[in-house]
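What follows is a short report on a single structure.
In the UniProt record's numbering, the protein residues as written are 1 to 197.
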């Protein structure tokens with residue numbers, strides 16, 4: 001069988017495995033220390049680039065969601081304002097009608113009845129208008145709050161721009177590092193070839 005040997009950790013290894021380990025060690029020693037550092041730096045930059053791209057994507061998605069919510073709320077706000085204006089016009093017309101009817105009430109009991117009915121209608125519309133006004137105020141507050149949040153996204157957009165720029169710089173740095181590593185390897189192979197001669 002193969003001759004068993006002890007490695008540096010006192011583990012039994014076969015002669016074949018030991019040769020493989022020595023071969024790998026020899027390959028590692030051939031790679032200059034600077035190239036190893038560059039490879040390590042390249043891995044760090046790539047990891048940082050991936051994290052930056054992921055954060056960039058998450059921020060863009062969040063911004064799109066907030067803008068869609070703002071658009072929806074703005075439409076609801078416009079609809080509520082239109083409805084409130086219609087109710088205000090109805091109340092104003094009823095007020096005018098009530099005033100006109102009140103002037104004729106002394107001569108006509110039917111008119112008095114209509115005045116009473118008009119008053120009831122007016123109160124019902126005023127209650128509805130009050131509810132609409134409260135609803136509109138709530139919507140306005142929500143819209144203002146959301147608009148403020150979106151304004152704050154200007155800061156995030158600046159961050160997105162910086163991340164994009166950093167990503168480009170990282171790509172350039174990665175390319176330069178890969179070129180350097182290739183040159184180191186080429187030079188190392190050349191040195192080893194000369195030594196063998």
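For every residue, glycine included, the Cβ atom is placed at its ideal position computed from N, Cα and C.
Quick caveat, the model's predicted, so the values are computed rather than measured.
Check whether the Cβ atoms of residue 125 and residue 84 lie closer than 8 Å to each other.
Your numbering for residue 125 matches position 125 in the chain shown. Your numbering for residue 84 matches position 84 in the chain shown. In this structure, residue 84 does not lie closer than 8 Å to residue 125 by Cβ.
Quick one, are the C-beta atoms of residue 122 and residue 139 less than 8 Å apart?
Sequence index remark: in the chain shown, residue 122 carries index 122 (1-based). Sequence index remark: in the chain shown, residue 139 carries index 139 (1-based). Cβ atoms of residue 122 and residue 139: not closer than 8 Å.
Roughly how far, in whole angstroms, is the beta-carbon of residue 101 from the beta-carbon of residue 120, given that I think they are within contact range, below 8 Å?
One-based indexing of the chain shown puts residue 101 at position 101. One-based indexing of the chain shown puts residue 120 at position 120. That belief does not hold up - the Cβ atoms of residue 101 and residue 120 are roughly 13 Å apart, past 8 Å.
Are the segment 171-182 and the segment 85-92 touching, with three or more C-beta to C-beta distances below 8 Å?
no
My assumption, with CB atoms under 8 Å, is that residue 146 sits in contact with residue 70. Please give the rounded CB distance.
On the chain shown, residue 146 is found 146 positions in, with the first residue counted as 1. On the chain shown, residue 70 is found 70 positions in, with the first residue counted as 1. Indeed they touch by this definition, with Cβ atoms about 5 Å apart.
Comparing alpha-carbon positions, which option in 192, 189, 50 and 20 lies nearest residue 164?
Start at 1 with the first residue of the chain shown, and residue 164 comes out as number 164. For residue 164, the nearest C-alpha among the options comes from 50.
Taking only the alpha-carbon atoms, compute the straight-line gap between residue 3 and residue 58 and give it to the nearest angstrom.
For the purposes of this step, residue 3 is identified with residue 3 of the chain shown, where counting begins at 1. For the purposes of this step, residue 58 is identified with residue 58 of the chain shown, where counting begins at 1. Because the pLDDT of residue 3 is 48, which lies under 50, any placement of that residue in the model is unreliable, and the question is left without a value.
Can the beta-carbon of residue 73 be found closer than 8 Å to that of residue 153?
Taking the chain shown and counting its residues from 1, one reaches residue 73 at position 73. Taking the chain shown and counting its residues from 1, one reaches residue 153 at position 153. Taking 8 Å as the Cβ cut-off, residue 73 and residue 153 do not qualify as a contacting pair.
Rounding to the nearest angstrom, what Cα-Cα distance links residue 41 and residue 167 in this structure?
Counting from 1 along the chain shown, the entry for residue 41 is found at position 41. Counting from 1 along the chain shown, the entry for residue 167 is found at position 167. Taking the straight line joining both Cα atoms gives about 15 Å.
Taking all protein chains shown into account, do 16 or more other C-beta atoms lie within 10 angstroms of the C-beta of residue 177, making it buried, or fewer, making it exposed?
For the purposes of this step, residue 177 is identified with residue 177 of the chain shown, where counting begins at 1. Burial call: buried.
Is residue 16 buried or exposed, if buried means 16 or more other CB atoms sit within 10 Å of its CB?
Counting from 1 along the chain shown, the entry for residue 16 is found at position 16. The residue in question, residue 16, is exposed, as its Cβ has fewer than 16 Cβ neighbours within 10 Å.
Here's a check: name, in chain order, each residue in its chain whose Cβ is nearer than 7 Å to the Cβ of residue 46, leaving out the five neighbours to either side.
For this step, residue 46 is matched to residue 46 along the chain shown. 174.
Report the CB separation of residue 35 from residue 150 in whole angstroms; it is logged as a contact under 8 Å.
Locating residue 35 in the chain shown gives position 35, where the first residue counts as 1. Locating residue 150 in the chain shown gives position 150, where the first residue counts as 1. Going by Cβ atoms, the distance from residue 35 to residue 150 rounds to 48 Å, so no, they are not a contact pair.
Which of helix, strand or coil does DSSP assign to residue 51?
Counted from its first residue, the chain shown places residue 51 at position 51. Residue state, collapsed to three classes: helix.
Report the three-state DSSP secondary structure of residue 1 (helix, strand or coil).
As a first step, residue 1 is located in the chain shown; it is residue number 1 there, counting from the start. Reliability of the predicted coordinates at residue 1 is poor, the pLDDT of 49 falling under 50, and the value obtained from them is presented with this limitation in mind. The answer is coil: DSSP assigns residue 1 none of H, G, I, E or B.
Helix or strand or just coil, what does DSSP make of residue 176?
Translated into the one-based positions of the chain shown, residue 176 becomes position 176. Reduced to three states, the DSSP call for residue 176 is helix.
Please work out which residues of its chain come closer than 7 Å, Cβ to Cβ, to residue 65, disregarding the five sequence neighbours upstream and downstream, and give them in chain order.
Here residue 65 is taken as the residue at index 65 of the chain shown, counted from 1. Excluding positions up to five away in sequence, the list is empty.
Can you tell me whether residue 108 is helix, strand or coil according to DSSP?
For this step, residue 108 is matched to residue 108 along the chain shown. Note: residue 108 maps to coil in three-state DSSP.
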